[in-house]
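Comments concern the structure below.
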Amino acid sequence: MQSNFYFIGNYSNIYKKPSKLSEVTSQIICGEEFKILSKNKNWIKIKLLFDNYVGYIQNKQFIQKTNLNYKVSNLKAKIFKKPNIRTKSYLTFGSKVSALDENKNYIKIQKNKWIKKTDVKKINHKEKNFIKIFKKFLQVKYVWGGKSYKGIDCSALLQIFFYYNNLFYPRDTKDQIKYSRGKLKKRTFKKGDIIFWKGHVAICLNSKKLIHAYGPEKKVLMMPIIKTINRIRETANLEVKKIARINF
């Protein structure tokens with residue numbers, strides 16, 4: 091039986107092929123569970139257990155056993171070498187960690203790695219307020235394949251809400267469209283509607299505004315719904331493909 095592993099780095103790129111010249115298709119963040127499919131010199135072909143995503147990583151920061159009991163609930167969590175001794179590193183939102191030791195204000199997650207308790211929630215905590223989660227990423231850079239505070243793409247922004255709540259949801263827009271139940275004929279929008287185009291997705295915050303990681307603007311931002319639909323039609327020649335809903 092194949093063993094499962096847990097990534098314990100901060101985050102790392104997942105490549106389509108075993109080469110840094112290859113396309114970055116996604117990222118793996120701290121605490122994600124995966125299987126090793128094969129090894130090729132410095133590269134490992136992995137399959138993420140959460141969404142079955144397959145790709146290559148170079149990072150060898152992983153362990154076979156852990157007891158994950160906290161997850162990062164802020165956009166990023168500063169890593170400390172010791173309580174009150176900062177490093178320049180962060181964990182990103184949704185990262186899952188194991189508390190090896192703790193005091194009143196900090197938890198120890200690895201050797202010489204502590205994070206503040208105010209940056210985490212218990213592993214089984216649910217956050218039904220999806221707007222609260224999406225707004226954490228406002229102004230974060232748009233990065234193809236990204237899913238961290240350093241950069242995120244449109245489908246990862248949607249997926250991260252489900253990942254945080256321990257609910258399956260596909261990684262790529264094409265798979266999200268297939269997975270999400272919805273229709274096309276809709277003239278009015280409301281909070282929680284998911285608007286899909288070919289290769290793009292946005293989430294409605296209310297009847298007038300949406301939020302998305304938008305490539306042309308190079309960041310996560312809120313925009314008027316109708317204005318966005320018209321702009322994508324005019325600039326990318328794309329029509330809305332499906333309208334679904336966040337059901338939680």
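In my numbering, the protein residues as written are 91 to 338.
We put the beta carbon where it would ideally sit given N, CA and C, even for glycine.
With DSSP run on the structure shown, which of helix, strand or coil describes residue i?
i    : result
M91  : Residue placement at M91 is poorly supported in this model, since its pLDDT is 45, which falls under 50; the coordinates still yield a value, given next. M91 falls in the coil class under three-state DSSP.
I223 : helix
S270 : coil
R176 : strand
S185 : coil
S112 : coil
S128 : strand
F140 : coil
I134 : strand
I250 : helix
K264 : helix
S102 : strand
D191 : strand
I199 : strand
S163 : coil
K240 : coil
Going by C-alpha to C-alpha distance, which of the options sits closest to residue i?
i    : options                   : result
C244 : K281, K201, K222 and H290 : H290
N142 : K298, E122, N100 and K212 : E122
Q148 : F97, M313 and N214        : F97
L328 : T318, I199, S179 and Q151 : T318
Q154 : K268, I136 and F124       : F124
I118 : S270, L311, Q266 and A246 : A246
F95  : I104, N174 and K137       : K137
Y180 : P173, I169, V187 and R271 : I169
I205 : Y259, K106 and A189       : A189
K281 : Y269, S297, I267 and A292 : S297
N164 : V210, Y269, S93 and I293  : V210
N256 : L139, L111, I126 and P108 : L139
Y101 : C120, F258 and K212       : C120
A326 : F224, K288 and K240       : K288
K207 : Y239, K240, P173 and V233 : P173
V233 : E307, K222 and N130       : E307
Taking only the alpha-carbon atoms, compute the straight-line gap between residue i and residue j and give it to the nearest angstrom.
i    : j    : result
L158 : E324 : 47 Å
Y146 : R277 : 42 Å
K218 : F279 : 20 Å
F251 : N132 : 32 Å
V330 : Y196 : 46 Å
M91  : E113 : For M91, the pLDDT reaches just 45, beneath the cut-off of 50, and the residue's location in the model is therefore unreliable, leaving the point undetermined.
I242 : G235 : 7 Å
D128 : V144 : The sequence given here has Ser at residue 128, not Asp. The straight-line gap from Cα to Cα measures roughly 11 Å.
Q249 : I301 : 14 Å
K264 : I333 : 13 Å
L299 : N193 : The question names Leu, but residue 299 in the sequence shown is Lys. Cα to Cα, the separation comes out at about 42 Å.
V162 : N214 : 12 Å
I175 : K231 : 28 Å
R335 : Y254 : 18 Å
I285 : T156 : 38 Å
K226 : K309 : 13 Å
F220 : N103 : 25 Å
M313 : I293 : 10 Å
L295 : K268 : 22 Å
S93  : K216 : 28 Å
Y304 : N337 : 23 Å
Q229 : K135 : 32 Å
F258 : K237 : 16 Å
F224 : K107 : 30 Å
Q266 : D283 : 14 Å
Assuming residue i contacts residue j under a Cβ cut-off of 8 Å, what Cβ separation, rounded to an integer in Å, is found between them?
i    : j    : result
K166 : F152 : With a Cβ gap of about 21 Å, K166 and F152 do not count as contacting.
R271 : S116 : In fact, because the Cβ distance is near 24 Å, the residues do not count as touching under 8 Å.
T177 : K171 : 6 Å
D191 : K198 : 4 Å
K110 : Y160 : 32 Å between Cβ atoms; not a contact.
Taking only beta-carbon atoms, is residue i less than 8 Å away from chain B?
i    : result
K135 : Within the model displayed, chain B is absent; a lone protein chain is all it includes.
_Entirely enclosed beta strand (DSSP E) segments - the segment 278 to 337, minimum 3 residues_ = 283 to 287, 290 to 294, 299 to 304, 309 to 314 and 332 to 335
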